[in-house]
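Below is one structure, written out as structure tokens; the observations come after it.
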Amino acid sequence: MAKEKIIIDTDPGIDDAVALAIAVFSDKLDVKLITTVAGNVALEKVTSNALKLLTFWNKKIPVAQGADRPFIEKFVDASHVHGQSGLAGFDFPEPDMSLLCSEHAVNKMRDVIMAEEKITLAAIGPLTNIALLFAMYPDVKPRISRLVMMGGSLTRGNRGVMSEFNFATDPHAAKMVFDSGVPLVMADLDVGRKAGIPGPDIEKIGTFGKTGAMLYALLKKYRSGTFESGLRMYDSCALAYILKPELFTSTRVFADIELSGTLTSGCSVVDLDGFLQKKANTTVFTDVDVPAFRSWFTEALSHCD
Ligand code: BDR
Ligand code: CA
Numbered sequence: 049m050a051k052e053k054i055i056i057d058t059d060p061g062i063d064d065a066v067a068l069a070i071a072v073f074s075d076k077l078d079v080k081l082i083t084t085v086a087g088n089v090a091l092e093k094v095t096s097n098a099l100k101l102l103t104f105w106n107k108k109i110p111v112a113q114g115a116d117r118p119f120i121e122k123f124v125d126a127s128h129v130h131g132q133s134g135l136a137g138f139d140f141p142e143p144d145m146s147l148l149c150s151e152h153a154v155n156k157m158r159d160v161i162m163a164e165e166k167i168t169l170a171a172i173g174p175l176t177n178i179a180l181l182f183a184m185y186p187d188v189k190p191r192i193s194r195l196v197m198m199g200g201s202l203t204r205g206n207r208g209v210m211s212e213f214n215f216a217t218d219p220h221a222a223k224m225v226f227d228s229g230v231p232l233v234m235a236d237l238d239v240g241r242k243a244g245i246p247g248p249d250i251e252k253i254g255t256f257g258k259t260g261a262m263l264y265a266l267l268k269k270y271r272s273g274t275f276e277s278g279l280r281m282y283d284s285c286a287l288a289y290i291l292k293p294e295l296f297t298s299t300r301v302f303a304d305i306e307l308s309g310t311l312t313s314g315c316s317v318v319d320l321d322g323f324l325q326k327k328a329n330t331t332v333f334t335d336v337d338v339p340a341f342r343s344w345f346t347e348a349l350s351h352c353d
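When the letters of the sequence shown are read in order and numbered with the numbering used here, they come out as residues 49 to 353.
Have a look at this one:
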């Protein structure tokens, strides 16, 4: 079967590193491009992290650097979760800088998308690059089979009371994406919380060769969940949907981003009950098969060199 072509927009980040490992070692995906955006840590750091990971894996996938800040909001990182470097816990060798493209992420994404008939986008960081892409180059939209995003919540937030980190970091970008007309899939916080990966599974992953040992060192420093309650592999939920959608229960709904709420700015408003009577624009996850997700996750990482 032909591999699914995909671009991954990311802000590595420990759970991004895990999701990238799954993606670049998957025999079902052809990762055409990785683009970076300011998010878990500053832009120079996330770009360096993407390059370091690919160098570590000896994968010759181009990396293009994107936006260094949200459109309007003040940039606030998540180094309390991922460490000052974004990939706390492991000393990577110097990155292969030849993987870094000279073009801006948005221009490079456009080139890659226009060279394909259909391509999947995965966004596992703030949506600044993706919103810029749709605004600057709307001709890419018909070629995008779907945009699978990690972001938002059906319940509570992790950045604000009601807002999730990726959407709340750049809520204006997120709103532009929800308005874009591109087929959207939203892997929300709730499924990531429910399907945390417990300590014994993390210990097992640590035995999976050099990538397992590297990820184990990062996961020991990761501050989202615990070994006892389960580590939250939010970004891997987006990849899991692309690779094994039957792990999730989902529904098509209208969803949007609250920009003007005095206490809820950046919140994803997911109209599960149809109160707003608006056309569905997003597939959202309402549940996850936890044992099946955990075994898929461990199995996926067992293929990494
Ligand atoms: C999201 O925020 C980041 O810290 C994680 O990498 C994930 O993409 C979860 O809210
Ligand atoms: Ca991320």
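Don't be surprised by glycine CBs; every beta carbon is placed ideally from N, CA and C.
Outcome for residue 227 when other beta-carbon atoms lying within 10 angstroms are tallied against a minimum of 16: With fewer than 16 other Cβ atoms within 10 Å, it is exposed.
Tell me which residue opens and which closes the beta strand (DSSP E) that residue 52 is part of. For residue 52, the enclosing beta strand (DSSP E) stretches over residues 52 to 58.
What does the Cβ neighbour count give for residue 95, buried or exposed, with the cut at 16 atoms within 10 Å? Burial call: buried.
Identify, in the order they occur along the chain, each residue of the same chain with its Cβ nearer than 6 Å to the Cβ of residue 203, setting aside the five sequence neighbours on each side. Hits under 6 Å: 238.
Could you name each continuous alpha helix (DSSP H) segment of 4 residues or more that falls completely within the stretch 193 to 224, going from the start of the chain to the end? Qualifying alpha helix (DSSP H) stretches, in chain order: 213 to 217.
Do the stretch 142 to 153 and the stretch 105 to 114 make contact, defined as three or more Cβ pairs closer than 8 Å? Note that the stretch 142 to 153 touches the stretch 105 to 114; at least 3 beta-carbon pairs, one per stretch, sit closer than 8 Å.
Assuming residue 295 and residue 230 form a contact by the criterion Cβ under 8 Å, report the distance between their Cβ atoms to the nearest whole angstrom. Wrong, their Cβ atoms sit about 23 Å apart, outside the cutoff.
Residue 118: which of 89, 103 and 106 sits nearest, CA to CA? Scanning 89, 103 and 106 for the CA closest to the CA of residue 118 turns up 89.
For residue 222, I'd like the list of residues in its chain whose CB is within less than 6 Å of its CB, leaving aside the five on either flank, ordered along the chain. Within the same chain, 175, 215 and 305 come within 6 Å of residue 222 by CB-CB distance, once the 5 residues on both sides are set aside.
For residue 300, which three-state DSSP category applies? Residue 300 falls in the strand class under three-state DSSP.
Alpha carbon to alpha carbon, how far is residue 332 from residue 65? Distance between the alpha carbons of residue 332 and residue 65: 23 Å.
Of the listed residues 289, 58 and 127, nearest to residue 101 (C-alpha basis): Measuring from the Cα of residue 101, the nearest candidate turns out to be 58.
Work out the CA separation of residue 80 and residue 268 for me, nearest whole Å. Roughly 30 Å between the two C-alpha positions.
Could you pull out every residue in the same chain whose Cβ sits closer than 6 Å to the Cβ of residue 195, ignoring the five residues on either side in sequence? Excluding sequence neighbours, residue 195 sits near 169, 230 and 232.
CA nearest to the CA of residue 141, picked from 154, 104, 132 and 128: Of 154, 104, 132 and 128, the smallest CA-CA separation from residue 141 is found for 104.
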